[in-house]
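Here's the structure, in structure tokens; my notes come after.
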Amino acid sequence: MKILLSNDDGYQAPGIVALYEALKDLADVEVVAPEHNNSAKSNALTLHSPLYVHRAANGFRYVNGTPADCVHIALTGLLGYRPDLVVSGINNGANMGDDTIYSGTVGAAMEGYLFGVPAIAFSQTEKGWAHLDDAAATARQLVAQLLPTLACADGPDTARDGAHWLLNVNIPNLPRHALRGFKVARLGRRHAAEAVITQQSPRGDTMYWIGSAGAAREDGEGTDFHATAQGYATITPLQVDLTDHAVLPYWAPTASRLTQTLQGLA
Ligand code: MN
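Count along the sequence shown from 1, then add 5; that gives the number in this note's numbering.
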């Protein structure tokens, strides 16, 4: 089995090093990861400047681009083969609730998923890498259980038989013996972020710093916020279709009225 490993914190981040060490005897693991921290880059691709790939002394390849760039170029030519699984992380901090929209960790995994490769994004719920090796062991446990199920999967056409999936996994910063288990959880919701922070630059310009994420707004039973707070690692299956299917009929009359007005102009 072959695993493509990436992240958003950069190829030198402790999280990807620990995850590589934990996975390397389960499969052939190749690392293609951003050169620098690309947290909150979501699914961004670099279209207006060239990407360069270099290989570090430890064999990891690094790219002057985003997490999605790394997975994209790996899958479209750099690797020269199709991996069985794309893994991203372990991220320095939670990717729960609305964070997943912004997350470069999830973005890297989602890029694999969009190419029809099953993918998992791993994050520790607290920043600072406490109990990182325990989190890597937990990630390894999940990957080891899923790898055999991928042996017969062969591409996007397997989407509906369960072999094609995108998982968002958040792991509490706990020693393994204190982790209570795994729970399947839905994404919670966050309040709008804190206010932007302004400062004066040495040359008198106003600088703006994006404020920190808001507190949890929907963190009840069944959410990732709730389960991780109870000491569980959470598994959230994600989908990519942003269509709000339930309100398609609500918007149909608007389209009709606009069409009638347009026809009245003819
Ligand atoms: Mn990050």
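Note that the Cβ used here is the ideal one computed from N, Cα and C, for glycine as well. Since this is a predicted model, take the numbers as computed values, not measurements.
Residue environment analysis places S261 among the exposed positions, since fewer than 16 neighbouring C-beta atoms fall within 10 angstroms of its C-beta.
Distances from the CB of G109 to the heavy atoms of ligand 1 include at least one below 7 Å. For G15, the CB contacts under 6 Å within the same chain, skipping 5 residues up- and downstream, are P39, H41 and N42 in chain order. In its chain, beyond the 5 residues on either side, no residue has a beta carbon closer than 8 Å to the beta carbon of L263. For D13, the CB falls within less than 7 Å of some heavy atom of ligand 1. Burial check for D249: the Cβ neighbour count within 10 Å stays below 16, so the residue is exposed. Of the residues W256, A23 and Y255, the one whose Cα lies closest to the Cα of H136 is A23. DSSP places L253 inside the alpha helix (DSSP H), whose first and last residues are L253 to L270. With a beta-carbon spacing of about 6 Å, H196 and A220 fall inside the 8 Å limit used to define contacts. Around the Cβ of R66, a 10 Å sphere holds 16 or more other Cβ atoms; the residue is buried. For secondary structure counted as the beta strand (DSSP E) over 3 or more consecutive residues, the segment 29-112 holds these complete runs in sequence order: 33-39, 58-60, 66-68 and 90-96. Taking C-alpha positions only, M212 is separated from A218 by approximately 19 Å. Proximity of the beta carbon of S93 to ligand 1 is not indicated: no heavy atom of the ligand is located closer than 7 Å. In the structure shown, R208 adopts coil according to DSSP, grouped into three states.
When only Cα atoms are considered, T228 and G70 end up about 32 Å apart. Leaving aside the five residues that flank A99 on each side, the residues in its chain whose CB is nearer than 6 Å to its CB run, in chain order, S128, T130 and N175. Collapsing the DSSP output to three states places V22 in a helix.
The C-beta separation of E223 from G193 comes to about 5 Å, placing the pair in contact by the 8 Å criterion. Per DSSP, reduced to three states, the secondary structure at T130 is coil, with no helix or strand assignment. The C-beta distance from Y237 to K188 rounds to 4 Å, short enough to meet the 8 Å contact threshold.
In the structure shown, the three-state DSSP call for R181 is helix.
G216 is not a Cβ neighbour of N97, given a cutoff of 8 Å.
Between P72 and T105, the C-beta gap is not smaller than 8 Å, which leaves the two residues out of contact. With a cutoff of 7 Å, S54 does not count as near ligand 1, since its C-beta is closer than that to no heavy atom of the ligand.
The continuous stretches of beta strand (DSSP E) do not include R145, which lies in the alpha helix (DSSP H) extending over residues L137 to L151. If you ignore the 5 residues before and after V58, its C-beta comes within less than 6 Å of the C-beta of R66 and V68, all in its own chain and listed in chain order.
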